[in-house]
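Student: Dumping the structure here so I can ask a few things about it.
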Amino acid sequence: MDCTDILWELPENAFDLAVVDPPYGLNIRGDMGRRKGKPRKYKPVFWDAKPPPPEYFRELRRVSRHQIIWGANHFISMLPAADSHCWLCWDKKYSPEVSFASFELAWTNFDLTCKRIALSPVQPGRIHPTQKPIALYAWIYALFAKPGDKILDTHLGSGSSRIAAYDAGLDFTGYEIDGDYFEAQERRFAAYVREHPH
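Heads up, the sequence shown is in numbering that gives the first Met the number 0, so the first residue is 0 and it goes up one at a time.
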């Protein structure tokens, strides 16, 4: 479902932490984000024409005590409180030959210093054009969450955040607007749980 259909109905501070990767408004294509000469085809993208409206960010901050928002440098003017001591930098360890950003930034409302991780985005069996590694979310949860915390992801995508939350013992809720990607991440999650039972 569309997260905006439910955010307004959630109580204040319903979640300890929201870790979200909303559309950046870059009009990405289904073959974007690959090394030059090695395109990978995904289904046509309809959800990246524009970033979420300011109301989304306002509601996100209302329903969660803490937020980590990937791509916030694309819509920082829409954040109700844009100043932050703690930005996250994900260095993708790529050469200048790639056609996309060599690192990504995430805004947080934590009163900590900036944090950086160097981690390749290469993953076997990718199912989504903007898929982030499970290890990236595992790093985030290790730094900013504790077992039992309630976690929100409004743009579930490939489900990497959900798998990392499962491993960390977190209470996870995720929303995904695209039915095909939702079903794909359901299969991915089920396969992961079979291979890594708790």
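The C-beta atom is built at its ideal place from N, Cα and C for all residues, glycine as well.
Model, not experiment: these values are computed from the prediction.
Helix, strand or coil: how does DSSP classify Glu96 here?
Tutor: Here Glu96 sits in coil by DSSP.
Student: Could you check how far apart the C-beta atoms of Gly173 and Arg186 are, in whole angstroms? I think they sit under 8 angstroms.
Tutor: In fact, because the Cβ distance is near 15 angstroms, the residues do not count as touching under 8 angstroms.
Student: How would you label Lys131, buried or exposed, when you count the other beta carbons within 10 angstroms and need 16 or more for buried?
Tutor: Flag for Lys131 reads buried.
Student: For Ala71, count neighbouring C-beta atoms within 10 Å of its own C-beta (all shown protein chains included) and say buried if the count is 16 or more, exposed if not.
Tutor: Buried, by the Cβ-count rule.
Student: Would Gly156 be called buried (16 or more neighbouring beta carbons within 10 Å of its own) or exposed?
Tutor: Buried.
Student: Could you have a look at Gly168 and say whether DSSP puts it in helix, strand or coil?
Tutor: Of the three classes helix, strand and coil, the one that applies to Gly168 here is coil, per DSSP.
Student: Can you list, in chain order, the stretches of the beta strand (DSSP E) that have 3 or more residues and sit fully within the stretch 109-157?
Tutor: You should have 114-117, 149-152.
Student: Taking only runs of the beta strand (DSSP E) that begin and end inside the stretch 0-27, which ones reach a length of at least 3 residues, in chain order?
Tutor: List check, beta strand (DSSP E) in window: 14-19.
Student: I'd like the list of long-range same chain contacts for Asp15, defined as Cβ closer than 8 angstroms, with 5 residues on each side in sequence excluded.
Tutor: Contacts found: Ser63, Arg64, His65, Ala144, Asp148, Lys149, Ile150.
Student: Taking three-plus beta-carbon pairs below 8 angstroms as touching, is the stretch 107-122 in contact with the stretch 67-85?
Tutor: These segments touch.
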